[in-house]
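Undergrad: Dropping the structure in here first, questions after.
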Amino acid sequence: MTDVLPGSHAGTPELRLVLLGTIGCGKTLSGDTLLGQASSGSPSSSGSSPRICQLRRGASEGRRLTVVEAPRWYWSGGHMEAGVRKETERALELAAPGPHAFLLLVPVGQFTEVERRVPAELEEVFGEGVLKHTLVLFTCGDYLMGQGAGQYLEGEDPGLREVIDRCGGQYHVINNRRPQDREQVKELLEKVTMTTIPSYNDDNGSN
20 MTDVLPGSHA
30 GTPELRLVLL
40 GTIGCGKTLS
50 GDTLLGQASS
60 GSPSSSGSSP
70 RICQLRRGAS
80 EGRRLTVVEA
90 PRWYWSGGHM
100 EAGVRKETER
110 ALELAAPGPH
120 AFLLLVPVGQ
130 FTEVERRVPA
140 ELEEVFGEGV
150 LKHTLVLFTC
160 GDYLMGQGAG
170 QYLEGEDPGL
180 REVIDRCGGQ
190 YHVINNRRPQ
200 DREQVKELLE
210 KVTMTTIPSY
220 NDDNGSN
């Protein structure tokens, strides 16, 4: 498949984000928090299904946001199921002319072998450059119970740190039980703007 992220430009008032993750990672709740609104269940096709991309648009923290929830990942024989993979690829079309960033959702305390395999799978689906534009988003931030993210990572499976490193070291924690905390959203959008977007522009010689 061709490399990702055509048409992204620094300084745009719009951010196009693709949310990725396995079952129970909290994509819809994270979309609610990002957009500051409860999901209306607006599927990109007729009927809502965990195997179909969900497209949502809104405004948040002074920006227009396009949020695409990729389908839940189902694995067979160590690889993403073909139908789910095809629908995941369609997220690029829904985020046209191209997503600014991919958010890889990992619930706090729930890192598994599936998440360990995700970086390689993402490169197969979206192209080799995708990890430069991927940020690990820890959901269930309330489970940290006041513990700092760095301290949490020190006690976790080293494979989680490896996944973050493959994504350029970029991560953020979000607490979807506190959607009114807009500072956590503002910080996330700033991280996306300051890291993933410039790296794409650098790769493509944009100014």
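Taking the numbering used here, the leading residue of the sequence shown gets 20, the next gets one more, and so forth.
Beta carbons: idealized from backbone N, C-alpha and C, even for Gly.
Quick caveat, the model's predicted, so the values are computed rather than measured.
1) Report the CB separation of V127 from F157 in whole angstroms; it is logged as a contact under 8 Å.
2) Is the Cβ-Cβ distance between T52 and V204 less than 8 Å?
3) Name, in chain order, the residues that DSSP records as bridge partners for A5.
4) Over what stretch of residues does the alpha helix (DSSP H) that includes P138 continue unbroken?
5) Verify whether the separation of the beta carbon atoms of R70 and P90 is less than 8 Å.
6) For G169 and G188, what's the separation of their Cα atoms in angstroms?
7) Since R35 is in the beta strand (DSSP E), which residue starts that stretch and which ends it?
8) For the segment 37-54 against the segment 169-179, do three or more pairs of beta-carbon atoms, one drawn from each stretch, fall closer than 8 Å, so that the two count as touching?
9) Pull the bridge partners of V125 from the DSSP assignment, please.
10) By the 10 Å Cβ neighbour count, where 16 or more other Cβ atoms means buried, how is G40 classified, buried or exposed?
11) Check each candidate in L124, R180, I193 and name the one with the smallest Cα separation from L163.
12) Using the C-alpha atoms, what's the distance from D161 back to E108?
13) On the premise that L36 lies in contact with L84, defined as a C-beta separation below 8 Å, what is that separation, rounded to the nearest angstrom?
14) What are the start and end residues of the beta strand (DSSP E) that includes V192?
15) On a Cα-Cα basis, can you pick out the residue from R197, F145, R196 that is closest to T121?
TA: A quick look at the data gives this:
1) 5 Å
2) yes
3) Outside the shown range of the chain (20 to 226) lies residue 5, about which nothing can therefore be said.
4) 132-145
5) yes
6) 12 Å
7) 33-39
8) no
9) F157
10) buried
11) I193
12) 31 Å
13) 7 Å
14) 190-192
15) It should be noted that the sequence gives Phe, not Thr, for residue 121. For F121, the nearest C-alpha among the options comes from F145.
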